[in-house]
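Participant: This is the structure I have questions about; it appears just below.
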Amino acid sequence: MSQRIPSPGGRLLADIGGTNARFAFQSAPGEPLSEVSVLPVARYPAVQDALREYLGGLGPRRVRAAAIAIANPVTGDAVRMTNHDWAFSQRALQAEMGWERLRVLNDFTALALALPVLPASDLRQLGGGDAVPRAARALLGPGTGLGVSGLLPCGGDGWVPLEGEGGHVTLPAATPRERLLMDALAARHGRASAERVCSGAGLLESFRVLCEADGVAVRGVERAADVTEAALQHGQPQALEALNLFCALLGSVAGNLALTLGARGGVYLGGGIVPRLGAWFDTSPFRARFEDKGRFNGYLRAIPVWVITARESPALLGAARGLDGLD
């Protein structure tokens with residue numbers, strides 16, 4: 000009977016958000032991703048616990064390098080998540096896990112790295128014309144938080160991903176109802192950032208603010224998914240308004256980002272919320288607010304927007320591309 004021979008060492012890839020941690024194995028640079036698994040972060044006290052559970056399922060395969068895309072700024076050795084309580088030292092984690100190499104990068108920086116290799120089947124276009132080749136690309140996506148990044152062309156066929164925290168910019172208000180929402184958020188949190196509305200928690204809080212302002216008591220709406228169901232399946236007025244405000248303000252933020260970057264290469268929408276809205280999102284106020292920039296309406300009207308519809312996390316592929324330079 001033949002014995003299984005352990006591989007000389009592959010690569011662990013992770014995409015860690017505030018709700019779920021996604022893992023994959025790659026036997027070597029450029030090879031397909033395999034053993035994709037999704038684990039809820041709330042189940043594990045620390046990132047090491049989730050890593051060990053995943054690694055325990057790989058059998059004899061050895062991991063010699065890892066890339067972790069994670070939802071928070073990566074500015075030094077210490078990593079502390081914005082929307083969860085996981086925290087770790089990169090050096091200590093690498094030593095503890097016995098890896099030869101480790102790269103930790105922001106999750107939307109990793110997703111940006113994947114944009115040039117996303118197949119057309121993983122994208123749905125929402126307005127605009129053709130992308131300008133080798134022009135900047137913008138990326139944002141609401142989920143547990145609001146991730147923001149982009150790609151800038153860099154000589155030849157290269158790209159440089161942006162590493163920023165654009166989800167925490169101050170949110171603009173364009174209508175009295177939006178001003179009511181901004182004032183309530185500022186009173187509760189000190190300021191109204193884009194993430195305070197354009198995220199799962201933001202959608203739920205917006206709904207509650209509108210209900211309070213209108214003197215409406217609604218029970219059984221405890222999650223962002225409940226707001227979406229109340230809006231799209233039951234037509235509950237404050238839920239539908241909260242969802243429309245979510246899309247409108249996401250459009251304003253996306254338009255600001257496109258103008259700032261000169262993103263004539265297109266704007267990409269990732270994250271967990273927009274793809275789940277399906278065709279309804281295409282009829283939402285998003286595109287109109289994206290283009291509503293006065294003298295630059297025409298400039299933005301030409302820019303294509305794509306919803307990323309990939310089933311498996313493209314950030315895993317981006318994490319692999321981020322690790323390529325270290326191998």
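For the sequence shown, numbering that gives the first Met the number 0 assigns the number 326 to the last residue and increments by one with no breaks. Quick reminder that beta carbons are idealized off the backbone N, C-alpha and C, glycines included. Here the structure is a predicted model, which means the values were calculated and not measured.
#1: Measuring alpha carbon to alpha carbon, tell me which residue in R176, A173 and G146 is nearest T81.
#2: Near L322, what residues of its chain come up, given a Cβ to Cβ distance below 8 Å and the 5 sequence neighbours on each side ignored?
#3: Drop a sphere of 10 angstroms on the beta-carbon of V208, count the other beta-carbons inside from all chains shown, and report buried for 16 or more, exposed for fewer.
#4: Just the C-alpha distance for V131 and D106, rounded to the nearest angstrom, thanks.
#5: Among all the DSSP beta bridges, which residues are the ones paired with C153?
#6: In chain order, what are the residue ranges of uninterrupted beta strand (DSSP E) at least 3 long that sit wholly in the region 251–295?
#7: Compare the Cα-Cα distances from D14 to each of A23, A68 and V37 and report the closest residue.
#8: In terms of residue numbering, what span does the alpha helix (DSSP H) encompassing E124 cover?
#9: Measuring CB to CB, does G191 end up less than 7 Å from L184?
#10: Distance, Cα to Cα, L161 vs P72?
#11: Using alpha carbons as the reference points, say which of F280, G250, D281 and L256 lies closest to D291.
#12: Among the residues of its own chain, which have a CB less than 7 Å from the CB of A229, if the five just before and after it don't count?
#13: Alpha carbon to alpha carbon, how far is L268 from G140?
Facilitator: This is what the structure gives:
#1: As a first step, residue 81 must be located in the sequence shown, where it is residue number 82. Out of R176, A173 and G146, G146 has the C-alpha closest to the C-alpha of T81.
#2: Locating residue 322 in the sequence shown gives position 323, counting from the first residue. Hits under 8 Å: R10, L12, P28, A64, A65, A66, R100 and R102.
#3: Position 209 of the sequence shown holds residue 208. Under this definition V208 is a buried residue.
#4: To locate residue 131, count along the sequence shown from 1; it is residue 132. To locate residue 106, count along the sequence shown from 1; it is residue 107. Looking at the backbone, the Cα of V131 and that of D106 are separated by about 25 Å.
#5: Translated into the one-based positions of the sequence shown, residue 153 becomes position 154. DSSP lists G157 as partners of C153.
#6: Within the region 251–295, the complete beta strand (DSSP E) runs of at least 3 residues are 266–268.
#7: As a position in the sequence shown, residue 14 is number 15, starting the count at 1. Taking only the C-alpha atoms, the option nearest D14 is A68.
#8: Indexing the sequence shown from 1 puts residue 124 at position 125. Sequence check: residue 124 is Gln here, not Glu. Counting along the chain, Q124 falls outside any alpha helix (DSSP H), though it belongs to the beta strand (DSSP E) covering L122 to Q124.
#9: Against the sequence shown, residue 191 aligns to sequence position 192. Against the sequence shown, residue 184 aligns to sequence position 185. Going by the sequence as given, residue 191 is Ala instead of Gly. In contact: A191 and L184 (Cβ atoms closer than 7 Å).
#10: On the sequence shown, residue 161 is found 162 positions in, with the first residue counted as 1. On the sequence shown, residue 72 is found 73 positions in, with the first residue counted as 1. Taking the Cα positions, L161 is about 12 Å away from P72.
#11: One-based indexing of the sequence shown puts residue 291 at position 292. Measuring from the Cα of D291, the nearest candidate turns out to be G250.
#12: In the sequence shown, residue 229 corresponds to position 230, counting from 1. Closer than 7 Å at the Cβ level, and outside the excluded window around A229, lie V220, Q235 and A238.
#13: In the sequence shown, the residue the question calls residue 268 occupies position 269. In the sequence shown, the residue the question calls residue 140 occupies position 141. The alpha-carbon atoms of L268 and G140 are separated by roughly 5 Å.
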